[in-house]
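Mapping of the sequence shown onto our numbering: residues -16 to 45, in sequence order.
Reading through the C-alpha cells given below for one structure.
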Amino acid sequence: IQQIHTFYIANGVIPVSGGSFGANLGACFWSKDTLEGVKKDVEGFRSLQKTLKMFIRFLEKE
C-alpha cells in the first residue's frame, strides 16, 4: 500500500480514504457476483459514505 501511495503522491495525486475503522481502503462492495448482492451490501454503502465524507472534507480545505 505504501508503494502505491508513494507512486500517486510522486505524480501529484492525493490519496483520500474513508479513514480507519471500516473504510481505510475506500468504498469496497462485496457483490456475491450479483448486482442484487451489491445493492444489499450495507457495510459497502457505509464505507462509501465514510469515503465521500472524507473527500468532501478534503475539498473544503482546498
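No residue lacks a Cβ here, since even glycine has one placed at the ideal position from N, Cα and C.
Spatial distance of residue i from residue j (CA atoms)
i	j	result
Val21	Lys33	17 Å
His(-12)	Gly27	22 Å
Val(-4)	Ala10	18 Å
Ser14	Arg29	15 Å
For residue i, three-class secondary structure by DSSP
i	result
Thr17	coil
Gly27	helix
Phe12	coil
Ile(-13)	helix
Same chain, Cβ closer than 7 Å to residue i, neighbours up to 5 away in sequence not counted
i	result
Phe12	Val21, Asp24, Gly27
Lys41	Before going further, note that residue 41 is Phe rather than Lys in the sequence given. Excluding sequence neighbours, Phe41 sits near Val(-1).
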